[in-house]
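Take a look at the structure set out below.
In the numbering used here, the protein residues as written are 2 to 271.
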């Protein structure tokens, strides 16, 4: 799939289309992802979800095209990958607000009838505005309406962010898979690192997957991670989805955490 910046009536937009040079299999995959993204974005509207502009079926090589809001700040993953910029981020001033924005988006999605499950929540799917004061969830190519889905495990997100029941292809999985992925997103915000990046390539893929499913492999938080945030991560990453809190409950926990973080002065750097 191709992603590029475009211009519509003088405004910058994000344009997603199929890559004409891709293989037939990749084109089919891209088409399904675009259809999923268009059908999802067309029925939702939230301040913390990237805005849907429209779509077109182009008779040229582009084929199906999805047009959405352009966010000048780029992805959260790009920000986290920049050591200098990441070093300036703090939980009280920056990270907690990004977390609250994305959790608010999940609360909205999970309140819809039928519920909308993203299934691929991670830093690379979070877009920021120019001054990074607003975060929005994007990447709905793998999302599903829970009530209508016939192939729930197709195109799930990367293993590192996927809940055990999603990896195991449990047909009864719920929106709690997004809560699990959100917990992993919190670890990205805390450490700046992709979960398990240091061990993923050191073992066979099957062994890596089994360790995640069994809970033998758990993400590490930074030594400076606030206790309040570590507690939210712990609840989100429960192996049993029945024990995991709802996205609404996670939002309440984050709001309480923010109150504590703002009330506690940061350590003095000498």
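Even glycine gets a Cβ: it sits at the ideal position worked out from N, Cα and C.
Kindly list the residues whose CB is nearer than 8 Å to the CB of residue 4, restricted to its own chain and excluding five residues on each side of it in sequence; keep chain order. 15, 16, 17
What residues in its chain sit with their C-beta under 6 Å from that of residue 211, if we drop five residues either side in the sequence? none
Taking 8 Å as the threshold, find out whether the region 173-193 comes into contact with the region 135-144 through three or more Cβ pairs. no
Quick check for students: name the residue ranges of the alpha helix (DSSP H) that lie wholly in the region 174-256, counting only runs of 4 or more. 177-192, 206-215, 228-237
Where does residue 91 fall in DSSP's three states? coil
Best match in 179, 29, 49 for proximity to residue 128 [C-alpha to C-alpha]: 49
If we count Cβ pairs, one from each stretch, closer than 8 Å, do we get three or more for the region 248-258 versus the region 95-114? yes
Alpha helix (DSSP H) segments (min. 4 residues) lying fully within the region 86-145: 97-112
So residue 254 and residue 233 are in contact, right, with Cβ under 8 Å, and what is the actual spacing, rounded? 5 Å
In the DSSP assignment, what residue or residues form a beta bridge with residue 75? DSSP output for residue 75 lists no bridge partner at all.
When you compare only the Cα positions, how much space is there between residue 215 and residue 208? 10 Å
Thinking C-alpha only, which one of 69, 164, 199 is nearest residue 239? 164
Identify every residue that forms a DSSP beta bridge with residue 31. Answer is none; residue 31 lacks a bridge partner.
Cβ-based burial, residue 9 [other Cβ within 10 Å; buried from 16]: exposed
Closest by CA to residue 252, which one among 218, 39, 105, 99? 105
Kindly indicate which residue of 120, 119, 134 has the alpha-carbon position closest to the one of residue 102. 134
Can at least three beta-carbon pairs, one atom from the region 162-179 and one from the region 78-94, be found at a separation below 8 Å? no
Taking the CB atoms as reference points, tell me whether residue 167 and residue 180 lie closer together than 9 Å. no
DSSP state of residue 41, grouped into three classes? helix
Beta-carbon spacing of residue 206, residue 97 below 9 Å: no
Exposed unless 16 or more other CB atoms sit within 10 angstroms - verdict on residue 137: buried
Taking C-beta to C-beta, are residue 92 and residue 227 nearer than 9 Å? yes
What span of residues does the alpha helix (DSSP H) with residue 168 cover, start to end? 165-168
Would you tell me roughly how many angstroms separate the C-alpha atoms of residue 184 and residue 94, rounded to the nearest one? 19 Å
With a CB to CB cut of under 8 Å and the five nearest residues on each side skipped, what residues in its chain are close to residue 6? 13, 14, 15, 16, 71
Are residue 54 and residue 69 closer than 9 Å when you measure CB to CB? yes
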